[in-house]
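Shown next, in structure tokens, is the structure this report addresses.
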Amino acid sequence: NAGVTQTPKFRVLKTGQSMTLLCAQDMNHEYMYWYRQDPGMGLRLIHYSVGEGTTAKGEVPDGYNVSRLKKQNFLLGLESAAPSQTSVYFCASGGQTYEQYFGPGTRLTVT
Amino acid sequence: AQSVSQHNHHVILSEAASLELGCNYSYGGTVNLFWYVQYPGQHLQLLLKYFSGDPLVKGIKGFEAEFIKSKFSFNLRKPSVQWSDTAEYFCAVTPYSSASKIIFGSGTRLSIRP
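These protein sequences, in sequence, are chains A and B. Counting from 54, one number per residue, gives the positions in the first sequence under our numbering. Counting from 6, one number per residue, gives the positions in the second sequence under our numbering.
This is the structure we're talking about:
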């Protein structure tokens with residue numbers, strides 16, 4: 054099992070550019086999450102999904118969109134990147150046991 | 006609103022010292038509690054969890070945590086730390102029976118001097 058994978062691992066964007074981060078899990082989990090991690094602020098939930106075809110806003114959803122067209126994939130989109138979105142992005146998945154399994158992260162820099 | 010506080014931002018210890026990292030949460034109902042660890046350059050991994058039952062929970066690598074309901078606390082402990090415990094530690098809380106809403110603390114960076 055690969056667990057949770059994320060692509061890409063690193064990305065540099067210019068302000069105003071768009072991009073999509075892909076998260077994939079092979080554990081048949083219902084729940085999937087996108088977080089951002091910033092120094093001194095821990096992890097903040099951006100969006101999450103409780104099943105295929107569903108999405109919901111987390112703590113810091115502005116500037117991001119998500120889609121869960123397939124159970125195993127959860128996409129995070131930035132339509133118009135801003136320097137404030139420079140961060141490390143983690144995807145996680147989980148089942149009814151509530152514990153979450155995290156991906157390796159994507160380091161995004163917006164200049 | 007639900008929140009999690011980790012008051013120690015950076016803890017520095019020598020090898021073999023005992024460790025206690027604080028975690029307090031604010032939520033009026035029943036909760037599930039977690040500690041995650043993030044080793045340098047790696048992703049978060051589950052260290053231990055509490056759902057119900059014995060409030061003293063044992064996790065991997067010799068870590069344990071005690072849930073004290075009256076204090077809304079879930080402190081992480083280890084009797085004797087090793088250099089390999091250098092990492093960032095995150096406490097997390099989710100309302101009981103709700104896997105869709107989890108709040109993480111801001112993290113405690115633990116540095117172990119060899």
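Cβ coordinates follow ideal geometry from the N, Cα and C atoms, glycine included. Because the structure is a prediction, the values reported are computed rather than measured.
- Within the segment 15 to 47 of chain B, those residues whose Cβ lies closer than 7 Å to any Cβ of chain A are, in chain order, Asn37 and Phe39.
- In this structure, B/Gln7 lies near B/Ile108, with their beta-carbon atoms less than 8 Å apart.
- Judged by pairs of C-beta atoms under 8 Å, the segment 141 to 160 of chain A does not touch the segment 82 to 89 of chain B, as fewer than three such pairs exist.
- Counted as a single uninterrupted DSSP element, the beta strand (DSSP E) harbouring A/Trp87 occupies residues Tyr84 to Asp91.
- Considering only A/Glu152, A/Leu161 and A/Gly158, the residue with the shortest C-alpha distance to B/Lys54 is A/Glu152.
- One alpha carbon belongs to A/Gln70, the other to A/Thr164, and they sit about 10 Å apart.
- With contact defined as three or more Cβ pairs closer than 8 Å, the segment 29 to 41 of chain B and the segment 124 to 136 of chain A are not in contact.
- One alpha carbon belongs to B/Pro119, the other to A/Ala55, and they sit about 34 Å apart.
- As for any beta strand (DSSP E) of minimum length 3 sitting wholly inside the segment 71 to 155 of chain A, the runs are 72 to 78, 84 to 91, 95 to 102, 118 to 120, 126 to 131, 140 to 147 and 153 to 155, ordered along the chain.
- Here A/Met94 is exposed: its Cβ has fewer than 16 other Cβ atoms, across all protein chains shown, within 10 Å.
- Listed by position along chain B, the residues whose Cβ is nearer than 9 Å to that of A/Pro61 form an empty set, because the closest Cβ is around 15 Å away.
- A straight line joining the alpha-carbon of B/Glu20 with that of B/Ala70 spans about 20 Å.
- Counting only the Cα atoms, A/Met85 lies some 11 Å from A/Ile99.
- Look at A/Met94: its C-beta is under 8 Å from a C-beta on chain B.
- Closest in C-alpha terms to A/Thr68, from the list A/Gln90, A/Arg160, A/Leu131 and A/Tyr142, comes A/Leu131.
- Classified as buried, A/Tyr88 has 16 or more neighbouring CB atoms from the shown chains inside 10 Å of its CB.
- Taking CB atoms only, A/Pro157 has a neighbour in chain B less than 8 Å away.
- Taking 9 Å as the upper bound on Cβ-Cβ separation, chain B lies near residues Ala109, Gly111 and Glu112 of the segment 104 to 119 of chain A.
- Per DSSP, reduced to three states, the secondary structure at B/Ser31 is strand.
- Between A/Leu161 and A/Arg64 a beta carbon distance of about 5 Å is seen, short of the 8 Å cut, so the two are scored as contacting.
- Here DSSP, grouped into helix, strand and coil, assigns B/Ile107 to coil.
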